[in-house]
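Each remark here refers to the structure printed beneath this line.
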Amino acid sequence: MKELLKQVLERVVPSAEEKKSEAELAKKIMQQIKGMEGKHIDVVWAGSSARDTHLKGDRDLDIFVLFPQKLSREEFEKEGLRIGKQVFKGHEWEEAYSEHPYVRGMIYGFEVEIVPSYKISDASKKMSSVDRSVFHQRYLKKRLSEKQKNEIRLLRQFLKGIDAYGAEIKTGSVPGYVVELLILKYKTFANAIKAIAKFSFGQVIDIENHLQKKEAREKFQKHLVIIDPVDKNRNVAAALSVEQFNRLVAAANAFLKKPSMKFFFPERITPLPMQKVLEILKKKELIGLEIGYPKGALADVIWGEIKRLREKISKALEVHDFKVDSSAEWTDEKNNIIFLFELESLQLQKAVKRIGPPVEMKEHSEKFLKAHKKPLSGPRIEKGRWVLETEREFTSAEKFLAGYAKKIVSQEKPDMKKAIQQKAVVLHEKNLEKLYKKSPEFQEFFTRYLRGKEGFL
């Protein structure tokens, strides 16, 4: 393992020249902001590049512009955007949004974010979601050793390799700050992987011992709880999905059993030939729904809505007796959003048998019989229970999805409402074939979906 990790570091540690150019640009931008007239009182370079824990080629600079607490939210946002746009004058930029708007773009090949933040004395008294970032910077800068910076790089690349890294809602993965805290806790990459391999649901990590483990579990009720050292009221692993938590544990165990470079640098997915895709589709009960992509919507915001809608549709299918074996979502973040549902069957029988409560349960029996006043047959008693048959409202998954899209459009938030109004098409084999031929990005996603195998296995 020692030799393997040495080889990984040779590929992921930025050169002295890279680090120098990053620091010079960050310094230049901060001096520019400090020299501007405005209501800001400080500027801080934070994030992994500022802490020297980033990977080679990750050319990201996070610059936080600090404002006094007395500044109104309206002025705070207005001033933050004004300063950001001034920094990017002559460069490519866009207005983005997390909890509040900020400006991001490209400057000399670097992805730069100019983020407004309130200057506060205590991280637990934050006024905006990013106010803690400066505290994270100070906390880690003070505690991380030079050796641990490379250990962080190893863990960061491992997570990238198994597709479980990132703070975006899109992935539900492990954020960079969590990676740094894991190394702070376990000291080395090897120790962290051994610990992760033993993680169980309700795992608690509390570096500063803010809470008792039982208290932390009850307070946050998540599969992984990592208490923010600078704010005991925050679980920094809250966005980690159950699926990604399990992937992380499984990958750690697989790596310990047989360490390999593929965990850090997996082979690129080769899209399946069209003929193979069609062969697989003929063996599956797969159906999809394609909707538009709301113009001007930010991917960081819309992904949460996409995941929520996919779960909502899955539940609706189940309620109408279409058993969902698996589901997934994909978007090109420009023109369309695709939902896929693999069902036990695309077609159902017209009649369905409904088994009710035991006859002796009088109150439940009355409710059951009242709910099914005009059955196709029954009610009758079988093995001590009420039994009857009713006619299904939908027997075709295609007709259900087509009707459901029209039904829910009025219930959705503005962005998803626009997306459904723009387009709502049920996808069959032919539609999927057309999309597969047209989009290389969809080819990669669909190949992963059809193979259904973890990349590290």
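Just so we're aligned, residue -8 is where the sequence shown starts under our numbering, counting upward by one.
For every residue, glycine included, the Cβ atom is placed at its ideal position computed from N, Cα and C.
Computed from a predicted structure; not experimentally measured.
So, for residue i: in the same chain, excluding its five sequence neighbours on each side, which residues have a beta-carbon less than 6 Å away from its beta-carbon?
{"i": "Asp216", "result": "For clarity, residue 216 is Val in the given sequence; the question names Asp instead. So the qualifying residues of the chain are Val195, Ala207, Asn226."}
{"i": "Glu420", "result": "Leu272"}
{"i": "Leu418", "result": "Gly279, Glu281"}
{"i": "Pro257", "result": "Gly152, Gly446"}
If we ignore side chains and look at the alpha-carbon of each, how far apart do residue i and residue j end up?
{"i": "Phe44", "j": "Leu308", "result": "A quick correction: the sequence has Thr, not Phe, at residue 44. Their Cα atoms are separated by approximately 45 Å."}
{"i": "Thr386", "j": "His127", "result": "55 Å"}
{"i": "Val4", "j": "Lys47", "result": "5 Å"}
{"i": "Ile526", "j": "Gly26", "result": "For residue 526 there is no data in the structure shown, the boundaries of the chain being -8 and 448."}
{"i": "His363", "j": "Phe313", "result": "20 Å"}
{"i": "Lys189", "j": "Val292", "result": "33 Å"}
{"i": "Glu335", "j": "His214", "result": "29 Å"}
{"i": "Glu70", "j": "Lys428", "result": "46 Å"}
{"i": "Leu231", "j": "Thr162", "result": "8 Å"}
{"i": "Gly75", "j": "Asp53", "result": "12 Å"}
{"i": "Ile346", "j": "Ile329", "result": "36 Å"}
{"i": "Met265", "j": "Lys425", "result": "10 Å"}
{"i": "Val169", "j": "Ala228", "result": "7 Å"}
{"i": "Gly283", "j": "Tyr395", "result": "16 Å"}
{"i": "Leu263", "j": "Arg73", "result": "48 Å"}
{"i": "Glu333", "j": "Trp321", "result": "15 Å"}
{"i": "Leu(-5)", "j": "Phe447", "result": "16 Å"}
{"i": "Glu296", "j": "Gly369", "result": "43 Å"}
{"i": "Glu68", "j": "Asp33", "result": "16 Å"}
{"i": "Trp377", "j": "Pro348", "result": "6 Å"}
{"i": "Ser305", "j": "Ala7", "result": "50 Å"}
{"i": "Asn327", "j": "Glu102", "result": "26 Å"}
{"i": "Lys298", "j": "Lys80", "result": "36 Å"}
Which residues in the same chain as residue i place their Cβ atom closer than 8 Å to its Cβ, once the five residues preceding and following it in sequence are excluded?
{"i": "Glu90", "result": "Ser119, Ser120, Val121"}
{"i": "Glu142", "result": "Ile174, Lys178, Thr179, Phe180, Ala183"}
{"i": "Thr261", "result": "Thr438"}
{"i": "Ile111", "result": "Gln60, Lys117, Met118, Asp122"}
Consult DSSP for residue i and reduce its assignment to one of helix, strand or coil.
{"i": "Gly295", "result": "helix"}
{"i": "Lys344", "result": "strand"}
{"i": "Tyr156", "result": "strand"}
{"i": "Met27", "result": "coil"}
{"i": "Gly283", "result": "strand"}
{"i": "Ala17", "result": "helix"}
{"i": "Ser335", "result": "The amino acid at residue 335 is misidentified as Ser; the sequence shows Glu. Correct three-state label for Glu335: coil."}
{"i": "Ser318", "result": "strand"}
{"i": "Pro431", "result": "helix"}
{"i": "Met(-8)", "result": "coil"}
{"i": "Asn226", "result": "strand"}
{"i": "Ala37", "result": "strand"}
{"i": "Ile271", "result": "helix"}
{"i": "Val125", "result": "helix"}
{"i": "Leu57", "result": "strand"}
So which of the options has the shortest CA-CA distance to residue i?
{"i": "Lys374", "options": "Ala188, Glu351, Asp316", "result": "Glu351"}
{"i": "Arg285", "options": "Met407, Glu209, Asn200, Gly295", "result": "The amino acid occupying residue 285 in the given sequence is Pro; Arg does not appear at that position. Nearest C-alpha to Pro285: Met407."}
{"i": "Leu456", "options": "Asp219, Leu57, Gly287", "result": "The structure shown does not extend to residue 456, since the chain spans only -8 to 448, so no value can be given for it."}
{"i": "Lys10", "options": "Asp33, Ala41, Val(-1), Glu28", "result": "Ala41"}
{"i": "Met21", "options": "Phe246, Pro107, Leu277", "result": "Pro107"}
{"i": "Asn237", "options": "Ile304, Glu276, Phe192", "result": "Phe192"}
{"i": "Leu331", "options": "Ser232, Val416, Asn200", "result": "Val416"}
{"i": "Lys185", "options": "Lys204, Gly167, Lys249", "result": "Lys249"}
{"i": "Phe149", "options": "Val169, Arg134, Glu159, Lys253", "result": "Lys253"}
{"i": "Glu86", "options": "Glu357, Ser430, Pro405, Ala290", "result": "Ala290"}
{"i": "Leu16", "options": "Lys205, Trp36, Lys344, Leu360", "result": "Trp36"}
{"i": "Ile153", "options": "Gln212, Lys176, Asn244", "result": "Asn244"}
{"i": "Ala242", "options": "Ile32, Lys444, His31", "result": "Lys444"}
{"i": "Ser12", "options": "Gly38, Gly100, Val34", "result": "Gly100"}
{"i": "Gln77", "options": "Glu28, Leu441, Gln203", "result": "Glu28"}
{"i": "Glu137", "options": "Lys223, Phe55, Glu171, Val165", "result": "Glu171"}
{"i": "Leu269", "options": "Arg129, Trp377, Asn422, Lys19", "result": "Asn422"}
{"i": "Leu392", "options": "Leu300, Tyr156, Asn200, Lys275", "result": "Leu300"}
{"i": "Lys325", "options": "Phe433, Arg259, Glu302, Leu247", "result": "Phe433"}
Using a beta-carbon distance below 8 Å, is residue i in contact with chain C?
{"i": "Lys138", "result": "In summary, chain C is missing from the structure at hand, where a single protein chain is found."}
So, for residue i: in the same chain, excluding its five sequence neighbours on each side, which residues have a beta-carbon less than 7 Å away from its beta-carbon?
{"i": "His82", "result": "Gly96, Met97, Ile98"}
{"i": "Glu159", "result": "Asp291, Trp294"}
{"i": "Ile105", "result": "Ile54, Val56, Ile74, Gly75, Val78, Tyr93, Val94"}
{"i": "Lys176", "result": "Ile196, Ile198"}
{"i": "Gln23", "result": "Val78"}
Exercise. At which residue ranges does the stretch 62 to 86 contain complete beta strand (DSSP E) runs of 3 or more residues, listed in the order of the chain?
Worked result: none
Exercise. Which runs of the alpha helix (DSSP H) spanning at least 4 residues fall entirely within the stretch 348 to 414, listed in chain order?
Worked result: 353 to 362, 388 to 399, 405 to 413
Problem set entry | Unbroken stretches of the beta strand (DSSP E), 3 residues or longer, contained in the stretch 181 to 222 | 194 to 196, 215 to 219
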